[in-house]
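**Q** Can you read through this structure? Questions will come right after.
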Amino acid sequence: GAVVSQHPSRVICKSGTSVKIECRSLDFQATTMFWYRQFPKQSLMLMATSNEGSKATYEQGVEKDKFLINHASLTLSTLTVTSAHPEDSSFYICSAGRGTGGGNQPQHFGDGTRLSIL
Amino acid sequence: DAKTTQPNSMESNEEEPVHLPCNHSTISGTDYIHWYRQLPSQGPEYVIHGLTSNVNNRMASLAIAEDRKSSTLILHRATLRDAAVYYCILRSSSNFGNEKLTFGTGTRLTIIP
Numbered sequence: 001g002a003v004v005s006q007h008p009s010r011v012i013c014k015s016g017t018s019v020k021i022e023c024r025s026l027d028f029q030a031t032t033m034f035w036y037r038q039f040p041k042q043s044l045m046l047m048a049t050s051n052e053g054s055k056a057t058y059e060q061g062v063e064k065d066k067f068l069i070n071h072a073s074l075t076l077s078t079l080t081v082t083s084a085h086p087e088d089s090s091f092y093i094c095s096a097g098r099g100t101g102g103g104n105q106p107q108h109f110g111d112g113t114r115l116s117i118l
Numbered sequence: 119d120a121k122t123t124q125p126n127s128m129e130s131n132e133e134e135p136v137h138l139p140c141n142h143s144t145i146s147g148t149d150y151i152h153w154y155r156q157l158p159s160q161g162p163e164y165v166i167h168g169l170t171s172n173v174n175n176r177m178a179s180l181a182i183a184e185d186r187k188s189s190t191l192i193l194h195r196a197t198l199r200d201a202a203v204y205y206c207i208l209r210s211s212s213n214f215g216n217e218k219l220t221f222g223t224g225t226r227l228t229i230i231p
């Protein structure tokens with residue numbers, strides 16, 4: 001069964017709206033979660049690393065004021081797309097891993113959130 | 119993370135084995151080889167990973183070359199549900215806690231009924 005839950009699965013809203021996406025680890029604690037964005041027919045691009053209890057680490061070119069990340073507990077990270085515009089329409093995916101084994105641990109992914117801004 | 123090279127696409131007949139290759143000539147000694155797959159409109163799904171020895175699980179087998187510069191994901195009996203994009207990714211164990219995955223373009227596997 002799913003070990004990472006992402007909600008909502010789909011959002012359609014008007015330009016200028018802020019949208020919050022939740023990512024939960026269901027049966028383990030995750031000090032680190034990752035947020036990806038995927039445009040049609042492209043691969044996943046890492047946006048940011050979400051760290052429990054501290055600031056997120058953003059990849060180059062990702063606006064931290066545009067994509068707000070909060071990781072307030074060991075099982076929940078949220079991504080808020082502020083004042084969304086049509087160019088923010090994309091498939092957003094989160095991931096988390098058990099423990100701190102680094103390369104020897106698989107990452108578990110949510111089912112993604114398809115965001116459509118009209 | 120070191121880079122991997124995969125064919126853009128492959129086709130296979132249903133119920134036959136599939137061998138998906140991956141080249142990673144710049145792999146370091148601390149890099150694990152991970153495979154994930156992504157079905158349409160879904161998040162990626164973990165398939166298998168290994169370091170040096172071949173690995174088997176309920177989904178697939180991973181064959182790792184002796185010099186570790188290449189690997190092959192083996193689906194023993196492909197079904198239509200195996201149609202997906204398969205990603206081969208190297209993940210360092212030296213960056214303790216820095217566990218991000220860098221996705222390449224992957225291999226789009228088509229299963230022919």
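Line by line, the protein sequences are chains A and B.
Heads up, the first sequence is in this note's numbering, so the first residue is 1 and it goes up one at a time.
Heads up, the second sequence is in this note's numbering, so the first residue is 119 and it goes up one at a time.
Just so you know, even glycine gets a beta-carbon here, dropped at the ideal spot from N, CA and C.
Owing to the predicted nature of the structure, the values given are computational and were not obtained by experimental measurement.
(1) Can you tell me which of the three DSSP states R199/B falls into?
(2) Which one or two residues does DSSP pair with I151/B in a beta bridge?
(3) Closer than 7 Å: is that where the CB of N174/B sits relative to any heavy atom of the ligand ZN?
(4) If contacts are defined as beta-carbon pairs under 8 Å, then T190/B and A202/B qualify, I think. What distance do you get, rounded to the angstrom?
(5) Measuring only the C-alpha atoms, how far is E133/B from P139/B?
(6) Rounding to the nearest angstrom, what Cα-Cα distance links P135/B and E129/B in this structure?
(7) Hey, is the segment 144-156 of chain B in contact with the segment 57-67 of chain A, meaning 3+ C-beta pairs nearer than 8 Å?
(8) In terms of residues, what are the limits of the beta strand (DSSP E) holding Q107/A?
(9) Starting from Q38/A, trace the beta strand (DSSP E) both ways and give me its first and last residue.
(10) Kindly list, in the order they appear in chain B, the residues whose Cβ is closer than 8 Å to that of D88/A.
(11) Within 8 Å (strictly less), CB to CB, does D72/B reach chain A?
(12) Would DSSP call N174/B helix, strand or coil?
(13) Could you give the residue range of the beta strand (DSSP E) that holds G103/A?
(14) Can you tell me the Cα-Cα spacing of T197/B and I166/B, whole angstroms?
(15) Return no unless some Cβ of chain B is closer than 8 Å to the Cβ of P8/A.
(16) So that I know if they touch, is there some Cβ in chain A lying closer than 8 Å to that of H167/B?
(17) Counting only the same chain and skipping the five closest in sequence on each side, list residues whose C-beta sits under 7 Å from that of L74/A.
(18) I need the straight-line Cα distance from A56/A to L227/B, nearest angstrom please.
(19) Quick one: is I12/A near chain B, going by C-beta distance under 8 Å?
(20) For P86/A, does the three-state DSSP call read helix, strand or coil?
(21) Any beta carbon of chain B sitting closer than 8 Å to that of L46/A?
(22) Closer than 7 Å by C-beta to L68/A: which residues in its own chain qualify, once you throw out the five before and the five after it? Chain order, please.
**A** Quick answer:
(1) Locating residue 199/B in the second sequence gives position 81, counting from the first residue. Looking at R199/B - three-state DSSP - the assignment turns out to be helix.
(2) Taking the second sequence and counting its residues from 1, one reaches residue 151/B at position 33. According to DSSP, which records beta bridges pairwise, I151/B is partnered with G168/B, L208/B.
(3) Questions concerning the ligand ZN fall outside what the structure shown contains, since it holds no ligand whatsoever.
(4) Translated into positions along the second sequence, residue 190/B becomes position 72. Translated into positions along the second sequence, residue 202/B becomes position 84. Incorrect: roughly 17 Å between the Cβ atoms, too far for contact.
(5) On the second sequence, position 15 is the one that residue 133/B refers to. On the second sequence, position 21 is the one that residue 139/B refers to. Distance between the alpha carbons of E133/B and P139/B: 19 Å.
(6) To locate residue 135/B, count along the second sequence from 1; it is residue 17. To locate residue 129/B, count along the second sequence from 1; it is residue 11. Cα to Cα, the separation comes out at about 11 Å.
(7) no
(8) In the first sequence, the residue the question calls residue 107/A occupies position 107. Its beta strand (DSSP E) spans residues 107-109.
(9) The residue you call residue 38/A lines up with position 38 of the first sequence. From DSSP, the beta strand (DSSP E) with Q38/A extends over 32-38.
(10) Residue 88/A sits at position 88 when you count from the first residue of the first sequence. Neighbours of D88/A on chain B: none; closest Cβ ~18 Å, over 8 Å.
(11) Coverage of chain B is limited to positions 119 through 231, which leaves residue 72/B absent and any answer about it impossible.
(12) Against the second sequence, residue 174/B aligns to sequence position 56. Strand, per DSSP.
(13) Here residue 103/A is taken as the residue at index 103 of the first sequence, counted from 1. Taken as a continuous stretch (DSSP letters only), G103/A belongs to no beta strand (DSSP E), as it is neither H nor E.
(14) Walking along the second sequence from the start, residue 197/B turns up at place 79. Walking along the second sequence from the start, residue 166/B turns up at place 48. Cα to Cα, the separation comes out at about 18 Å.
(15) Translated into the one-based positions of the first sequence, residue 8/A becomes position 8. No, P8/A lies away from the interface with chain B (no Cβ there is under 8 Å from its Cβ).
(16) As a position in the second sequence, residue 167/B is number 49, starting the count at 1. Yes, H167/B counts as interfacial toward chain A.
(17) As a position in the first sequence, residue 74/A is number 74, starting the count at 1. Once the five neighbours on either side are set aside, the close Cβ partners of L74/A are Q29, A30, T31, E52.
(18) As a first step, residue 56/A is located in the first sequence; it is residue number 56 there, counting from the start. As a first step, residue 227/B is located in the second sequence; it is residue number 109 there, counting from the start. The straight-line gap from Cα to Cα measures roughly 35 Å.
(19) As a position in the first sequence, residue 12/A is number 12, starting the count at 1. It does not; no Cβ of chain B falls within 8 Å.
(20) Here residue 86/A corresponds to residue number 86 of the first sequence, with the count starting at 1. Note: P86/A maps to helix in three-state DSSP.
(21) Taking the first residue of the first sequence as position 1, residue 46/A is located at position 46. Yes - at least one Cβ of chain B is within 8 Å of the one on L46/A.
(22) Taking the first sequence and counting its residues from 1, the one referred to as residue 68/A is at position 68. Answer for L68/A: T80, T82, listed in chain order.
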